[in-house]
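Be aware that the sequence shown starts at 1, since it is given in UniProt numbering, and climbs by one per residue. Yeah, the Cβ is synthetic: ideal placement off N, Cα and C, and Gly gets one too. It should be emphasised that the depicted structure is a prediction, and the values quoted were computed from it without experimental measurement. Structure, as structure tokens:
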Amino acid sequence: MSIEIQGSWHIGFAYDYHMKSSIFLGYDVYGNPLFENIRTEMGELVYQLKYNQNPNNVSKIVDLLVDAFSGWESMDMLITAPFSNHREYQPVMLIGDELSKRVNLPCHHVLKKIKNKTSLKNLSSIEDKKQALTGNIILDSHDLTLKNKTILLIDDLYSSGSTLEYSTNVLLQNGAKEVNVLVMTKTKG
Numbered sequence: 001m002s003i004e005i006q007g008s009w010h011i012g013f014a015y016d017y018h019m020k021s022s023i024f025l026g027y028d029v030y031g032n033p034l035f036e037n038i039r040t041e042m043g044e045l046v047y048q049l050k051y052n053q054n055p056n057n058v059s060k061i062v063d064l065l066v067d068a069f070s071g072w073e074s075m076d077m078l079i080t081a082p083f084s085n086h087r088e089y090q091p092v093m094l095i096g097d098e099l100s101k102r103v104n105l106p107c108h109h110v111l112k113k114i115k116n117k118t119s120l121k122n123l124s125s126i127e128d129k130k131q132a133l134t135g136n137i138i139l140d141s142h143d144l145t146l147k148n149k150t151i152l153l154i155d156d157l158y159s160s161g162s163t164l165e166y167s168t169n170v171l172l173q174n175g176a177k178e179v180n181v182l183v184m185t186k187t188k189g
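And the structure:
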């Protein structure tokens, strides 16, 4: 399955939705909502990689991507989206590195978030997310030439698209000819 996602990029796709269903069960003893979440295959692989630090899922994720998509040869390079939270394993970087080997494209981790006060997932409105990202994503490389390059920007999860919008704009402002987007999963919102 693939889902087209719209944005300032040329073309973008999510491999699948993150969740099949999420059922509200009530509240725990601290008043936090409880849900029964059923994830898609890709959603579960990404979840286990991201939150349970299971790097064994990287190969399975990339297998699904390589089997589902074509046109890798039309790209000049992969660039990973910037991450918000520091983890032992950065999912999108691991996925980017493995995908790079499989499709024979260089992968660069050059987009950085310079202010990390609030995680975007904790902000509810698109306006708040845009405000949090304004001036916050930079290209952290003096050696990488983007001029006239076709870039595949990859991320693990698409929610509002704010990070990918700002990342795309930074890449285009730094000379990229075209930016395409590939994400592992998309929220249904």
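*Which first and last residues belong to the beta strand (DSSP E) in which D16 is found?*
12-17
_If I measure Cβ to Cβ from E73 and keep anything under 7 Å in the same chain, skipping five residues before and after, which residues do I get?_
none
*S32 burial status per 10 Å Cβ neighbour count (16 or more: buried)*: Here residue 32 is Asn; the residue named in the question, Ser, does not match the sequence. It is exposed - the Cβ of N32 has fewer than 16 other Cβ atoms within 10 Å.
*Cα separation between R102 and E165?*
26 Å
*Separation of G43 from N37, as counted between CA atoms*: 11 Å
*To which residues of the same chain is G161 closer than 7 Å at the C-beta, ignoring the five residues directly before and after it?*
I5, G7
*For E44, which of helix, strand or coil comes out of DSSP?*
helix
*Taking C-beta to C-beta, are I154 and A81 nearer than 8 Å?*
yes
*Beta carbon of V61 nearer than 8 Å to that of L78*: In the sequence on display, residue 61 carries Ile and not Val. No, the pair does not count as a contact, with Cβ atoms beyond the cut-off.
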